[in-house]
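Chemist: Residue numbers (our numbering): 769 to 1018. No residue lacks a Cβ here, since even glycine has one placed at the ideal position from N, Cα and C. Fair warning: this is a prediction, and the values are worked out from it, not measured in the lab. After the structure tokens below, expect a handful of questions from me.
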């Protein structure tokens, strides 16, 4: 089955700072990058991607200088299904060599050790066999639990600045669902089912947080219904349907 995520929060669109690449150009030199670099601050908990045991914990150093380089502090796990994973540039490890671990168990703290341009977790995966220097490493993103990706989570905001013919409406995206949002907005109308029979006002700006739109040309002394929404490649998330009345002219 799919492997779990090594970090509790992982937005594929934002947090992959360097993707898997059989051949990338780094400082003018072609070098493979057979894992993914995931954005996280020093001290972020790192989790086992699947059940297994810790094969090794090491600090990679230069043979002559003894200076920490490469992976820095890293550990790798052999999983019960024959796969292996490696977690590098760690600041600390929580488990020991030989420890039995379960999927989702905290195993280390992320760091900035070894050859690193900033705090992150380097994560590698092979579907079978040992992982160190393996030519069988594949993109772990493709093997992660895609059920972690979902439609966005969004709520509808109560209308404000209400007059006889205007109002401000909006919503709040609290979770993009692990995939970039391509559209968010509000369905509105006089029907209690604005999604099915109302009008839509929207923006293509991605990201989480509150968003607002100004409605005009409304009818005075009328009840309107609202429903915020946000869409990504996994689907559309909807907020609750809320209502408001326009004012009565004096």
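Output the boundary residues of the alpha helix (DSSP H) element that contains residue 783.
Modeler: Run containing residue 783: 780–783, per the alpha helix (DSSP H) assignment.
Chemist: Residue 909 by DSSP, collapsed to three states: which one?
Modeler: In the structure shown, residue 909 sits in a helix (DSSP, three-state: H, G or I).
Chemist: Starting from residue 887, trace the beta strand (DSSP E) both ways and give me its first and last residue.
Modeler: Note, residue 887: premise wrong, no beta strand (DSSP E); not H, not E.
Chemist: Please work out which residues of its chain come closer than 6 angstroms, Cβ to Cβ, to residue 895, disregarding the five sequence neighbours upstream and downstream, and give them in chain order.
Modeler: The answer, listed in chain order, is 851.
Chemist: I need the straight-line Cα distance from residue 948 to residue 832, nearest angstrom please.
Modeler: Using only the alpha carbons, I get a separation of about 46 angstroms.
Chemist: To test your reading of the DSSP string, which unbroken beta strand (DSSP E) runs of 3 or more residues are found completely within the region 972–1012?
Modeler: 977–983, 991–1000, 1003–1006, all fully within the region 972–1012.
Chemist: Under the assumption that residue 972 contacts residue 941 (Cβ atoms under 8 angstroms), give the Cβ distance between them as a whole number of angstroms.
Modeler: That belief does not hold up - the Cβ atoms of residue 972 and residue 941 are roughly 13 angstroms apart, past 8 angstroms.
Chemist: Rounded to whole angstroms, what is the Cα-Cα separation between residue 892 and residue 804?
Modeler: About 7 angstroms.
Chemist: Which residues in the same chain as residue 870 place their Cβ atom closer than 8 angstroms to its Cβ, once the five residues preceding and following it in sequence are excluded?
Modeler: Once the five neighbours on either side are set aside, the close Cβ partners of residue 870 are 816, 819.
Chemist: Give the straight-line distance between the Cα atoms of residue 798 and residue 785, rounded to the nearest whole angstrom.
Modeler: C-alpha separation (whole angstroms): 18 angstroms.
Chemist: Under a Cβ-count criterion, where at least 16 other Cβ atoms within 10 Å of its own Cβ denotes burial, should residue 841 be classed as buried or exposed?
Modeler: Label assigned to residue 841: buried.
Chemist: Less than 8 angstroms between the beta carbons of residue 908 and residue 771, yes or no?
Modeler: Result yes, Cβ atoms of residue 908 and residue 771 sit closer than 8 angstroms.
Chemist: Determine the DSSP secondary structure at residue 920, reduced to helix, strand or coil.
Modeler: Residue 920: coil per DSSP, three-state reduction.
Chemist: Measure the alpha-carbon distance for residue 932 versus residue 889 and round it to whole angstroms.
Modeler: Between residue 932 and residue 889, the C-alpha separation is close to 55 angstroms.
Chemist: Between which two residues does the beta strand (DSSP E) holding residue 814 run?
Modeler: First-last of the beta strand (DSSP E) with residue 814: 813–815.
Chemist: Based on the DSSP secondary-structure assignment, which residues constitute the bridge partners of residue 967?
Modeler: Beta-bridge pairing links residue 967 to 956.
Chemist: For a quick check, are the C-beta atoms of residue 1046 and residue 827 less than 8 angstroms apart?
Modeler: Lying outside 769 to 1018, the shown extent of the chain, residue 1046 is not represented and no answer is given.
Chemist: Just to confirm my understanding: we take residue 789, look at its own chain, exclude 5 residues before and 5 after, and list those with CB closer than 6 angstroms. What are they?
Modeler: Here the set comprises 801.
Chemist: Report buried or exposed for residue 774, applying the criterion of at least 16 other Cβ atoms within 10 angstroms of its Cβ.
Modeler: Flag for residue 774 reads buried.
Chemist: List the whole-angstrom C-beta distance separating residue 953 from residue 970, where the pair is believed to meet the contact cut-off of C-beta under 8 angstroms.
Modeler: Rounded, the Cβ-Cβ distance is 3 angstroms, consistent with contact.
Chemist: Taking the alpha-carbon of residue 847 as reference, which of 837, 812, 899 has the nearest alpha-carbon?
Modeler: Selected option, being the one with the closest Cα: 899.
Chemist: Can you give me the start and stop residues for the beta strand (DSSP E) that residue 799 sits inside?
Modeler: Element bounds for residue 799: 797–801.
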